[in-house]
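Report on the structure given below.
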Amino acid sequence: MKRTKIIGLITFFLITATACNHDIGEIENQNFATAIGVDYRDGEYFVYIQLLGLSSVAKSEGGDKAPPVVYISETSGKTFIDAFFKAYQSAQERILWAHVTAIVLNESVLEKGMGSVFDGLTRYYEFRPTPWIFATKSPMVDILSTEGFFNQSSLDTILHSPESSYEQSSTLKPIKLNQFAREFFDPGRTTYIPSLSINDTQWKKNTKNEGTLTIDGAYFLANQKYKGYFPYDQLKGMRWITPETIRASILLPTEKDPEFITVLEDQIVKISPEKQNGNFRFNLLYLANGIVSNRMKNNTIQVDAMEEYVQKGIISEVRQLYQLGVEHQIDFLNLEHQLYRKHHHDWKKLKNSDSLLREDSIKSIEAHITLEHSGSFKNRKIQIKEEG
Numbered sequence: 001m002k003r004t005k006i007i008g009l010i011t012f013f014l015i016t017a018t019a020c021n022h023d024i025g026e027i028e029n030q031n032f033a034t035a036i037g038v039d040y041r042d043g044e045y046f047v048y049i050q051l052l053g054l055s056s057v058a059k060s061e062g063g064d065k066a067p068p069v070v071y072i073s074e075t076s077g078k079t080f081i082d083a084f085f086k087a088y089q090s091a092q093e094r095i096l097w098a099h100v101t102a103i104v105l106n107e108s109v110l111e112k113g114m115g116s117v118f119d120g121l122t123r124y125y126e127f128r129p130t131p132w133i134f135a136t137k138s139p140m141v142d143i144l145s146t147e148g149f150f151n152q153s154s155l156d157t158i159l160h161s162p163e164s165s166y167e168q169s170s171t172l173k174p175i176k177l178n179q180f181a182r183e184f185f186d187p188g189r190t191t192y193i194p195s196l197s198i199n200d201t202q203w204k205k206n207t208k209n210e211g212t213l214t215i216d217g218a219y220f221l222a223n224q225k226y227k228g229y230f231p232y233d234q235l236k237g238m239r240w241i242t243p244e245t246i247r248a249s250i251l252l253p254t255e256k257d258p259e260f261i262t263v264l265e266d267q268i269v270k271i272s273p274e275k276q277n278g279n280f281r282f283n284l285l286y287l288a289n290g291i292v293s294n295r296m297k298n299n300t301i302q303v304d305a306m307e308e309y310v311q312k313g314i315i316s317e318v319r320q321l322y323q324l325g326v327e328h329q330i331d332f333l334n335l336e337h338q339l340y341r342k343h344h345h346d347w348k349k350l351k352n353s354d355s356l357l358r359e360d361s362i363k364s365i366e367a368h369i370t371l372e373h374s375g376s377f378k379n380r381k382i383q384i385k386e387e388g
């Protein structure tokens, strides 16, 4: 009996020791995919897989990180899945997909159609539905190879962590794959994918230009079709109609001749459809708190004038965005989706017509702004309304 127990214990320890060694070896040698890029050209899909080693994100015993090491695979095929599977042939070790936190699509993929890519990314169980999604016109290898500051890995860039910079300056809201998919298939909804590019003039590293990732615009899609790309300078009004905007600034009275800068926070946006003679017009309500962050001139501009400048500046940018949509027949303000949600029966009749994006579809824009000032300025609440 005693001998039997000893043999049993020895067997148990041998099994557990072997399992532990196996697990350790597996973790050290796995290929951790962190980003996927997709391009389409010459009738083929090109798939790019970004791999980061554990040494790039983990500190050594001395407390320092090893220099970032990025591997990028490039394969091609007639279908997205065909190109995708070719990466396995030379991967050396098993690729884990659960750590993918970014997907980058070339503009050509949007023009071709996203059905094949969507199907491939959502069918395999290892893929999570929450990576950030971007689009680009830049070479995919350059986008996936860009590193962070101070020899940090790509995980410390906008590609993998766009929310940090968005909290400080909200321009175009970054979007995750599951949210984009919901909006992409949602009837009457116009959605967008932020555009990534490389800025190699703004930052320098030891007097040499350092390329950094930046969001420079957006690609818009509606009814599951690609509608076009627009640079950020044409999309400034987007920040005022996005309820999730955290913090946005505006130079006033004009950017060319500014007198002060206002930072707006805690905004609320409401769009209400109103039926008139068979057509719909829309009322926009904007609520926000703001502060006067900086004054460029020493003139004695009054508080009432500042508040009026802020109101007019926001309304002007929203109207410019709407006019851009009328010109290109793109519903930036998602007026059609408001009808789909609130007047579904009427939406069914109007969804295939051009009667929504008219010059007079915006009836009014109303702004309620609370500006907070320091010194001799007092907190006041203003209500200014522009009638269409």
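Going left to right, the sequence shown walks through residues 1 to 388 as the working numbering numbers them. Beta carbons: idealized from backbone N, C-alpha and C, even for Gly.
Which partner residues of residue i appear in the DSSP bridge assignment?
i: K270; result: L285
i: H99; result: According to DSSP, H99 bridges with nothing at all.
i: V70; result: L52
i: W132; result: A102, K176
i: I158; result: DSSP lists no partner for I158.
i: E265; result: R247, N289
i: Q276; result: N279
i: D39; result: F46
i: A33; result: L51
i: L213; result: I198
i: K208; result: K205
i: T190; result: A222
i: L144; result: Its beta-bridge partners do not exist; DSSP assigns none.
Inspect the beta-carbon positions of residue i and residue j and report whether they are closer than 8 Å.
i: F46; j: A83; result: yes
i: Q338; j: P273; result: yes
i: K78; j: E111; result: no
i: P253; j: V269; result: no
i: K236; j: E317; result: yes
i: K137; j: E93; result: no
i: F32; j: L51; result: yes
i: G278; j: L371; result: no
i: V326; j: L357; result: yes
i: T157; j: T146; result: yes
i: V117; j: G37; result: no
i: T262; j: I250; result: yes
i: Y166; j: I95; result: no
i: V70; j: S197; result: no
i: W240; j: Y192; result: no
i: A288; j: E255; result: no
i: L177; j: I133; result: yes
Terminal residues of the continuous alpha helix (DSSP H) containing residue i?
i: H328; result: 303-328
i: R239; result: 238-241
i: L110; result: 107-112
What is the DSSP secondary structure of residue i, counted as helix, strand or coil?
i: G120; result: helix
i: Q152; result: coil
i: E163; result: helix
i: F230; result: strand
i: N178; result: helix
i: K86; result: helix
i: R295; result: strand
i: S138; result: coil
i: E259; result: strand
i: Q202; result: strand
i: D346; result: helix
i: G77; result: strand
i: S220; result: For the record, residue 220 in the displayed sequence is Phe; it is not Ser. It is a strand residue.
i: L235; result: coil
i: L196; result: strand
i: F185; result: helix
i: L357; result: coil
i: I24; result: Low confidence applies to I24: its pLDDT is 45, below 50, so where it sits in the model is not reliable, and the reading given next is rough at best. It is helical.
Hey, residue i and residue j are a contact pair by Cβ (cut 8 Å); roughly how many whole angstroms apart?
i: Y48; j: L121; result: No, Y48 and L121 are not in contact; Cβ-Cβ is about 14 Å, not under 8 Å.
i: R295; j: K363; result: Incorrect: roughly 35 Å between the Cβ atoms, too far for contact.
i: P131; j: A91; result: Contact flag wrong, Cβ pair sits at about 20 Å.
i: T190; j: D331; result: 5 Å
i: P194; j: A218; result: 5 Å
i: G115; j: Y340; result: 22 Å between Cβ atoms; not a contact.
i: K335; j: S361; result: Note on residue identity: the sequence assigns Leu, not Lys, to residue 335. Confirmed, about 7 Å.
i: P68; j: N151; result: 6 Å
i: S228; j: H345; result: Before going further, note that residue 228 is Gly rather than Ser in the sequence given. Their Cβ separation, rounded to whole angstroms, is 31 Å, which puts G228 and H345 out of contact at 8 Å.
i: Q224; j: F180; result: Between F180 and Q224 the Cβ distance is about 12 Å, and since that is not below 8 Å, they are no contact.
Start and end of the beta strand (DSSP E) containing residue i?
i: Q338; result: Per DSSP, Q338 belongs to no beta strand (DSSP E); it is in the alpha helix (DSSP H), 335-342.
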